[in-house]
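Taking our numbering, the leading residue of the sequence shown gets 789, the next gets one more, and so forth. Beneath this line is the structure, given in structure tokens, with notes to follow.
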Amino acid sequence: MGYGMHSYDVPVENWKYLGILGAITGTTSVLHVFFSKVSFAVTLLRLTDGWLRQLIWFIIITLTLGQMSSSFMFWLRCTPAEATWNPHIKEKKCWDSNAFLTYSIAGGSEYLTQKRHSTQSFTDHHWPILSSLLGLV
């Protein structure tokens with residue numbers, strides 16, 4: 789199949805299978821992160837009331853919209869959809885790869901500099917603040 793091989797050494801006929809596996813891996817990674825964050829948010833919902841509870845609901849809703857759209861992008865970047873994972877399709881129209889990268893960076897609130905790469909998301913920065921407001925810290 790080509791696991792563990794450099795992309796130049798993978799047989800051309802296996803590219804589409806590796807593309808599908810990459811899309812599955814990307815989708816499940818996004819969903820795993822999403823579910824872990826929402827499960828913690830639901831825990832916080834049980835401990836809060838008033839404006840703080842509304843803020844947590846806002847975070848859950850925005851996180852849901854962002855993460856779900858990110859998970860669909862692994863499958864819907866090209867028309868026809870199969871062209872997303874099959875590089876042999878010549879008649880296709882795909883999003884600019886920089887647009888996909890920009891959306892992914894903004895969706896994950898990642899920041900890139902020349903010397904540092906962080907993948908901490910918006911909610912990763914706000915959970916400690918919420919925890920201190922709740923008196924959990």
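Glycine included, every Cβ here is placed at the ideal spot set by N, Cα and C. From a predicted model like this one, the values you see are computed outputs, not experimental measurements.
Selected residue, minimal CA-CA separation from N874, among N802, L851, I844: Looking up residue 874 in the sequence shown gives position 86. Here the closest residue by C-alpha is N802.
Look at the alpha carbon of G810 and the alpha carbon of A871, and state the distance between them as a whole number of angstroms. For the purposes of this step, residue 810 is identified with residue 22 of the sequence shown, where counting begins at 1. For the purposes of this step, residue 871 is identified with residue 83 of the sequence shown, where counting begins at 1. About 13 Å.
Touching by the beta-carbon criterion (3+ pairs, under 8 Å), the region 791-799 and the region 819-829: no
Determine the direct distance from the alpha carbon of S858 to that of S827, and round the result to whole angstroms. Position 39 of the sequence shown, counted from the start, is the residue given in the question as residue 827. Position 70 of the sequence shown, counted from the start, is the residue given in the question as residue 858. Their backbone Cα atoms lie some 19 Å apart in a straight line.
Give me the residue from W845, S817, T816, G807 with the minimum Cα distance to V830. Within the sequence shown, residue 830 is the residue found at index 42, counting from 1. Ranking W845, S817, T816, G807 by Cα distance to V830 puts W845 first.
I need the DSSP call for K881, collapsed to helix, strand or coil. As a first step, residue 881 is located in the sequence shown; it is residue number 93 there, counting from the start. Here K881 sits in strand by DSSP.
In chain order, what residues of the same chain have a beta carbon less than 6 Å from the beta carbon of K881, not counting five sequence neighbours either side? On the sequence shown, position 93 is the one that residue 881 refers to. Answer for K881: T867, listed in chain order.
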